[in-house]
Structures are given as C-alpha cells and as structure tokens.
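Residue numbers (my numbering): 5 to 827. Heads up, the beta-carbon is just placed ideally off N, CA and C, and yes, glycines get one too. Have a look at the structure below before the remarks.
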Amino acid sequence: MPQKPIVYDAPTPQPRATTVEAIQAEILERLIYSVGKDPIVARPHDWLRATILAVRDRVMDRWMESSRETWRTSNKRVYYLSLEFLIGRLMRDAMSNVGLMEPVQQALRNLDVDLGDLINLEPDAALGNGGLGRLAACFLESMSSLKIPAYGYGIRYVHGLFRQEMSEGWQVELPEDWLAHGNPWEFERRESAYEVGFGGHVEPISDPDGEVRQEWRPNEHLLAVAYDTPIVGWRGSRVNTLRLWSAQPIDPILLDKFNSGDHIGALEESAKAEAITRVLYPADSTPAGQELRLRQEFFFSSASLQDIIRRHLQQYGDLSSLPDKVAIQLNDTHPAISVAELMRILVDENGIKWADAWTLTKGTFGYTNHTLLPEALESWPVSLLERLLPRHMQIVYQINADILKEAREKAGFNDQQIANVSLIDEHGGRRVRMGQLAFVGSHSINGVSALHTDLMKQTVFADLHKLYPERINNKTNGITPRRWLMQCNPALTKLISERIGTDFLDDIEKLHALAPHAEDPGFQKQFAAVKHANKERLVRVIKDRLNISVSPDALFDVQIKRIHEYKRQLLNIIHAVALYDEIRAHPERTWVPRVKIFAGKAAPSYWNAKLIIKLINDVARVVNHDPAVRGLLKVAFLPNYNVSLAETIVPAADLSEQISTAGMEASGTGNMKFMANGAITIGTMDGANVEMHKEVGDDNIVIFGMTTEEVAEKRSRSEVPRSSIDKSPRLREALEAIASGVFSPDDPNRYRDLIGGLYDHDWFMVARDFDAYWDAQVEVEKLWTNRKRWNAMAIRNTANVGFFSSDRTIRQYAADIWGVQTA
Ligand code: 26W
Numbered sequence: 005m006p007q008k009p010i011v012y013d014a015p016t017p018q019p020r021a022t023t024v025e026a027i028q029a030e031i032l033e034r035l036i037y038s039v040g041k042d043p044i045v046a047r048p049h050d051w052l053r054a055t056i057l058a059v060r061d062r063v064m065d066r067w068m069e070s071s072r073e074t075w076r077t078s079n080k081r082v083y084y085l086s087l088e089f090l091i092g093r094l095m096r097d098a099m100s101n102v103g104l105m106e107p108v109q110q111a112l113r114n115l116d117v118d119l120g121d122l123i124n125l126e127p128d129a130a131l132g133n134g135g136l137g138r139l140a141a142c143f144l145e146s147m148s149s150l151k152i153p154a155y156g157y158g159i160r161y162v163h164g165l166f167r168q169e170m171s172e173g174w175q176v177e178l179p180e181d182w183l184a185h186g187n188p189w190e191f192e193r194r195e196s197a198y199e200v201g202f203g204g205h206v207e208p209i210s211d212p213d214g215e216v217r218q219e220w221r222p223n224e225h226l227l228a229v230a231y232d233t234p235i236v237g238w239r240g241s242r243v244n245t246l247r248l249w250s251a252q253p254i255d256p257i258l259l260d261k262f263n264s265g266d267h268i269g270a271l272e273e274s275a276k277a278e279a280i281t282r283v284l285y286p287a288d289s290t291p292a293g294q295e296l297r298l299r300q301e302f303f304f305s306s307a308s309l310q311d312i313i314r315r316h317l318q319q320y321g322d323l324s325s326l327p328d329k330v331a332i333q334l335n336d337t338h339p340a341i342s343v344a345e346l347m348r349i350l351v352d353e354n355g356i357k358w359a360d361a362w363t364l365t366k367g368t369f370g371y372t373n374h375t376l377l378p379e380a381l382e383s384w385p386v387s388l389l390e391r392l393l394p395r396h397m398q399i400v401y402q403i404n405a406d407i408l409k410e411a412r413e414k415a416g417f418n419d420q421q422i423a424n425v426s427l428i429d430e431h432g433g434r435r436v437r438m439g440q441l442a443f444v445g446s447h448s449i450n451g452v453s454a455l456h457t458d459l460m461k462q463t464v465f466a467d468l469h470k471l472y473p474e475r476i477n478n479k480t481n482g483i484t485p486r487r488w489l490m491q492c493n494p495a496l497t498k499l500i501s502e503r504i505g506t507d508f509l510d511d512i513e514k515l516h517a518l519a520p521h522a523e524d525p526g527f528q529k530q531f532a533a534v535k536h537a538n539k540e541r542l543v544r545v546i547k548d549r550l551n552i553s554v555s556p557d558a559l560f561d562v563q564i565k566r567i568h569e570y571k572r573q574l575l576n577i578i579h580a581v582a583l584y585d586e587i588r589a590h591p592e593r594t595w596v597p598r599v600k601i602f603a604g605k606a607a608p609s610y611w612n613a614k615l616i617i618k619l620i621n622d623v624a625r626v627v628n629h630d631p632a633v634r635g636l637l638k639v640a641f642l643p644n645y646n647v648s649l650a651e652t653i654v655p656a657a658d659l660s661e662q663i664s665t666a667g668m669e670a671s672g673t674g675n676m677k678f679m680a681n682g683a684i685t686i687g688t689m690d691g692a693n694v695e696m697h698k699e700v701g702d703d704n705i706v707i708f709g710m711t712t713e714e715v716a717e718k719r720s721r722s723e724v725p726r727s728s729i730d731k732s733p734r735l736r737e738a739l740e741a742i743a744s745g746v747f748s749p750d751d752p753n754r755y756r757d758l759i760g761g762l763y764d765h766d767w768f769m770v771a772r773d774f775d776a777y778w779d780a781q782v783e784v785e786k787l788w789t790n791r792k793r794w795n796a797m798a799i800r801n802t803a804n805v806g807f808f809s810s811d812r813t814i815r816q817y818a819a820d821i822w823g824v825q826t827a
C-alpha cells in the first residue's frame, strides 16, 4: 500500500477529561476491557495496571503533539545514548507532572482502592547501577520539562540490577524481574526494528567511477526491536520518548533450521540473540571486559544510529545537515563505538568522503566522562574488535592515523605524548581505548563537576586536552526537583509553598526566598516537624524490614550509595565502632543519640565491598543489642537499595555522608538530593561537594579531610600509614577490635586483611582521614545540640539547592554543547 503523506498540523486527539468522575469511569473501563478483570475479583496488580493505563491515556495527546511539533518546526533533536537509565517508578512521576495526583487519588478512593498502595506496588525500573544511570533519568525528565525535543536511547534489559538480600549479613544477589507483571508504560514498535550485524569480513568494492569503498559483510544478524516509554515533563509541558532496544532473532522461530531437524540449534541461536538484552551488567566501576558487554554496546549504538539517520533522512533528505539537526550525547564511553559506526554509515553506506564524514561526526557527538578511576576506563582488545566488528577496527585505525599525524605536526608531541593520545594502548596486549575514541570523535567533552573537569584536564586526558584545548568543558550534575523534592517530600513542598508561594515549583532557584526565614522560630518548628514526620515513616520501614527499633528523635546519619572502597563506608563504620567504644567507656557523658543508616549494593565480584556490607551488619548486631549502649547508637543496613528506597530515606535524613577520598567521586548526586530535603552534609572536598560548599557557605556544611592535592602527595611518597594509626589511640582501638574478631566471633580473622590494608597502603586514606572525620562528627553533634542553629542550617541547605537542579544542568548542555533552545 502506498504511504499517504503525513500532515503534521492535523489536529491531535482530544485530551481525555481529568475530572474525578471521568478518571474513575476510565479506570473501571480499563480494568474490564484492557485488563480483563471483574472489579469484584480484581487484585491490586490489576488495579495498578488499570490506573497506569488511565494515566497513560492522559499523556498520549501531549506525546503526539510533542512529536508533531518537532516535525513541523524542524527543530534540532537531542539524542541521549546511555547503557543505563535508572528510572525507578513512573506512575507518581507522570501523575504529579500532569497534575493528576488528586483526581486519581479520589477516583480510586471511590473505588475503594488506596493510591499509596498501588504506588508501592509498581516495580522499580532498575535499568542502571547508580549515579550515571540515575543522572540519565533526571536528564530525561528535565529535557521534557524544558521542552527540548529529545530521545533517550538504551537497552530494555529483561533483568535490571539484581535484587539484594541479606543472608547472615552477607549480600546475596537474586535476579530482578521488573517485567513479571508486564509493563503497561511501554509500546512495542515492531515496525521500528533494525538489523544489527556482528562478525564476518570486509569486502572492498570498486565503484563504476573507480572509487573503492569498503563493505562490511557480517556473518551474524539479529533484530533490534524498539520499545517506547513516554517521559512527561513538569506540568506536562512536553512528552519525550525513551526508546529501549530489545534483541531478537531475525527469524523468530528459525524455521529453516527447525525444519531441517536441528531443533536444539534453532533454539540455541534464538537464545543467543536474546541474551544480548537479557541482563544489565552489575559493575559500576570495573569494566566487565566480556564479549557480551561489547555486543550490548554495539547493539544499542547501531540500532540507535540507524533510527536517528532514518529519521533525519526522512525529514531532511540529506546528511550534510546532520550536526545542525542532530546532537548525540554519549553517556560515558559505553556507546563510544558509535563514533566508528557513524563513520561507517556515512562513508561506506552513504558514499561521503572521509574528511567530510569526520567533520559531520565530530559536529554531532558530545561525550560526558563520569569517572577517573583508572580501572573504570573501558578498553577492548584489538583482537576482539577485529573478530566482532572488523570494519569498525579498520575505521579506528584510520582515525588513529589522522590523530597521530596531527599530534606530531600540530602539537609537536614527544613519543610519550603521542602514545598517550593514541587510540591504541600498546601495553599488555593491544587494546582500543574507548575514552580516547569518544574524545576525538566529539566536539565537546565534559566532566560532571568543576573539580572533576579540572582533574580530567590534568590526568586522563591531559595530552588530548593539549591537542584540542577548546573541547573540555564542565557541566556540574543536577537532580530533578520534581522527583527529589516535590514527589518524595510533599509535606515539605507544601510547607515551602505556604511560606514563599509556589513560584519555586516552576523555577527552583526561587527557593532562595526561603533563606530569610531560616532563623524564624515558627518556620523552624514547622520545618523540623516535617522532618520528624518523615523520620517516623522511616522508623517504621526499619522496624518492618530489620526488626530494629530506633527513635525518630535520634540524629539520622545516612550513607546510601553503591558500596565502594573510595566512597569509604569503611570510614563511617569505623567511626561507629569508635563511638561505641567511647559510649561504653564514658557512660557519665551526655551522648547525642544517633542512628547510622546504610544502604547500597556491591558489585557481585567485588570482594572487599561485600565484606564491608558484612562488617556493617556484624557491627550492627553487636551495637544494637549491647545494653551498655542504652540505645544511644544504632546501626541499620537497609537491604535492596533502589530509587524508591532512596525516595523514602532521603527526606528523613538529618546528616548526609559524602565522604569519598578526595579526587575520586566525579560528582555525586545523592549529596544534592539530601541538600534539597534539608539534611546537613558531612563531606570531603570532592566532586560536587566543593560547589555545594560554595553555594551554601562554610557555616552550613561540615567539611573535613585531605584535599585532592594532599591525597596525590601522600600517594606519591610511599609513606607508611602506620604512623597515623599509632598517633590515634581511638582509631587504633577500633581497628584492633575489628581485626581481632570482636564483631565476628564466629570467624575472628574475617576482617584481618581488610583492616591490614589500612596499615599497609591505605590507598583510600581511611586511616589518614580518620581523626579529621572524628572531629567533624564532634562538630556535627555540637550543631545538633544547638537545635536552632541546626534547623537554620537545614533550611539554608534547601534554600540554596537551586543550582543543583538538572534543569540548570540541561540548560547548560543545551546552550554550550547541543545548540538547542530551552523553555
Ligand atoms: C564499564 C564499567 C563501568 C560502568 C559504569 C564503569 C563506570 C561506570 C560509571 C561511570 C560509574 C558511575 O555511575 N559514575 C558516577 O556518575 C555519576 C553521574 O555523573 C557521578 O555523580 C558519580 O560521582 C560517578 O561515580
């Protein structure tokens, strides 16, 4: 059938009514006609599905209108390529952003269903590990809110980040199954499917005009099928698309193979195709280094680029306008192979000259770096690339030849500098460095906090920065205030609205108007009452999940994030042990009651991180049950940290632990979420803490510890850390207690090596920062005891969080990197 021309200014569907009656009727209708359930027997999951479908209907018209508008106006589109999107739950976000919370709640109440119960039933879409994935989710929401025509592209993992359970205090990983009840948010787009190839060989083809071009002939093919999810902006201003790819065999039943009698072979091949999008790699700092991971990276890069090019050609008919109409942001190096794939598409498939293609490529890509940890920088063996992506390997070599020539000619680099900018790492087996590839293929390379960007220029990319001094720029991370303030803390949002009006809902910088109320005793009382109520809620969660009783009047001292040695949960738990010793040694003193709350997952293969979880639980068991402590100190490790748990913990925190070894946390974004919700930060001068300190002022944050320079200096002089332990009896006693098995009588040697590392090299400066940390905690207790002072600080933290909104971050990306307008 010939395609009819599309008329983009045809009227969009009539928006659905948003009255309680209309919503109630539609939830019932959806329950009966879409879910197929009689209301008298419907289960909570059926109601959830029906409600999501009714809410979804109320964003469809805006979704279609948003997409039509981009076609009509020919505005530039932004594509955010990320192997991770840590979305969490979507229903409350969507309802709240289109203003449906109240009518839906009432409609459900009329049907005798509790909205809160349904919200808690929705599975978390945990298609990410941590900060990088959650940032991608916050960015999507901000891009919609700022009316940027944007798409998120990623993978529809069947199993997201593993579910964490505790077995005798050890982390156990269980498969996560977010799709078990189906996913009412997504639309499968069978028509948007692309072939992705692997392996095979490259064939030189002579064109009639004598030109030789290369043609990649893969020997393995599979299908990338699109699944679309609407991403609703604040006040429904715009609805963008998150397009996630699922891998399927080209011929789903492999009929030929099956019919020829090779039943097992047919099934194996189909399972192999689907394996690509089956699970998320659960490591957030060490590259998996496995072929399947590279397949994931290429699979989603290739499908996304094919989709982008198809859309561009459909609208503009020609690729020379690509950088004017398309901006592609690479979220870390995970999609970096896109640089070679776009070159292949331009040169091999569209006959564009190499030099022109390179200009188009650089004009189109931007690359964000999220970590400096040397072990986290991705590289792939040349041999693997040659086998899996032979044409891309050739392209990488050709790009590299051009870069090395420039380095020699333009910059006059010496051999070492040339080796540093090379895309090929020649040490220990030849490997392609994906950071270098992403860098040279992009017109913009950004870090995620001011400090991190400076360090990028000085360390990993020092020589590339010399070669291309205009490219590196900073874009300090942000968080969406919709999810991380308005939705997770409605009571605080209401209180703020009553005090300064509702302007801040649309422009979070307006929270500055709160600052003059910081010392107001009446406002302080209300602010503290909201915090107290949030703490009571968390008290119940701790009781339900851990059977630990804690008082909402205690100081809630919180560290929630991935478990990693550089994040120094170990420093925090050693502090707990030292505090435990002191409380028992000095029962006559007045102690500030404190609850240390931890949550976070460890990479399954990261032994020390898992051991630190066990240590926290071992310390908790002893401390929580020791009558000599009189409940003054409690330790709670909440299992299965995810976005939803964060939404419960963050509003209830008094103290936010951001204590990474200076120079190692690229930015941090949890720190910003706590700040928004009026917690005081205890932190090092690392990542975005540096900018938080600047925004909130020295009096409203507790900073301690070695600076980046001091850490570097100590590491370079292989000084023995033992002296800092010998100098500190408090630290020594705590370490000896842990190492000698006081908390692990069943296995007294369990922590010997972990603690031994602190005496030996102390790479993360746990021992050398301990005394400063202890003193900072004493300072915290002093501030807490002066509750007026504390409350004023808390209010000032909320008042000054505006800078850390992802709306600000996205405005900067839009203006400086993408060249697109924002609302
Ligand atoms: C290849 C294995 C791998 C996977 C993920 C290596 C590294 C990563 C990420 C880059 C880790 C990550 O999530 N980084 C975090 O990114 C956040 C958003 O920019 C920052 O706030 C955190 O400081 C940074 O650790």
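- Query: Taking the beta strand (DSSP E) that S609 falls in, what are its first and last residues?
  - Reply: Run containing S609: none; DSSP gives neither H nor E here.
- Can you tell which of D311, Y763, N795 has its C-alpha closest to the C-alpha of H536? N795
- Any 3 or more C-beta pairs closer than 8 Å across the segment 415-433 and the segment 350-360: no
- Query: Are A442 and N478 touching if we call contact CB-CB under 8 Å?
  - Reply: no
- Item | For S210, three-class secondary structure by DSSP | strand
- Item | C-alpha gap between T457 and P48, whole angstroms | 48 Å
- Task: Could you round the C-beta distance between I332 and Y83 to whole angstroms and report it? I think they count as a contact, below 8 Å.
- Result: 5 Å
- Message: Judging by CA-CA distance, which residue of T463, A277, L246, W220 is the nearest neighbour of M347?
- Response: W220
- Would DSSP call W67 helix, strand or coil? helix
- Range covered by the beta strand (DSSP E) that runs through I686: 684-687
- Item | Of the listed residues F768, K409, V746, nearest to E717 (C-alpha basis) | F768
- Query: Is the segment 259-273 in contact with the segment 282-291, if contact means three or more CB pairs nearer than 8 Å?
  - Reply: no
- Query: Any heavy atom of the ligand 26W closer than 7 Å to the CB of T290?
  - Reply: yes
- Rounded straight-line distance, which links the Cα of E713 to that of S446: 30 Å
- Item | Whether G687 touches I705 by CB criterion (8 Å) | yes
- Task: Could you spell out the range, first to last residue, of the beta strand (DSSP E) harbouring Y371?
- Result: 369-372
- Message: For a test of the three-state rule: what should DSSP assign to F678, helix, strand or coil?
- Response: helix
- Task: Name the residue from H579, L317, G701, P179 whose alpha carbon lies nearest to the alpha carbon of A780.
- Result: H579
- Let me know the secondary structure DSSP gives Y755 once reduced to three states. coil
- Message: Just to confirm, is the Cβ distance from G156 to L139 under 8 Å?
- Response: no
- Item | N-terminal and C-terminal residue of the alpha helix (DSSP H) that F747 is part of | Element bounds for F747: n/a, residue is neither H nor E.
- Query: DSSP puts K614 in a beta bridge; with which residues?
  - Reply: Beta-bridge pairing links K614 to no other residue.
- CA-CA distance, H765 and E215? 60 Å
- Item | Contiguous alpha helix (DSSP H) assignments of at least 4 residues, all confined to the segment 364-404 | 386-392
- Message: Going by C-alpha to C-alpha distance, which of G203, D211, G237, S555 sits closest to C142?
- Response: G237
- Message: Any heavy atom of the ligand 26W inside 7 Å of the beta-carbon of S342?
- Response: no
- Per-residue DSSP class, three states only, for M696: helix
- Message: Between G672, Y198, R242, which has its C-alpha nearest S306's C-alpha?
- Response: Y198
- Query: With a CB to CB cut of under 7 Å and the five nearest residues on each side skipped, what residues in its chain are close to A827?
  - Reply: L150, K151, S241
- Going by the C-beta, is H374 closer than 7 Å to any heavy atom of the ligand SAH? Ligands present in the displayed structure are limited to the ligand 26W, and the ligand SAH is not among them.
- Message: Buried or exposed, going by whether 16 or more other CB atoms sit within 10 Å of the CB of W862?
- Response: Coverage of the chain is limited to positions 5 through 827, which leaves residue 862 absent and any answer about it impossible.
- Item | E190 in three-state terms, based on DSSP | coil
- Residue span of the beta strand (DSSP E) that contains G103, given as start and end: Neither: G103 is in no beta strand (DSSP E) and is coded neither H nor E.
- Message: So, does the segment 21-29 touch the segment 192-206, judging by three or more C-beta pairs under 8 Å?
- Response: no
- Check whether the segment 544-554 touches the segment 640-647, taking contact to mean three or more Cβ pairs, one atom from each stretch, closer than 8 Å. yes
- Could you tell me the distance, in whole angstroms, from the CA atom of R34 to the CA atom of V805? 41 Å
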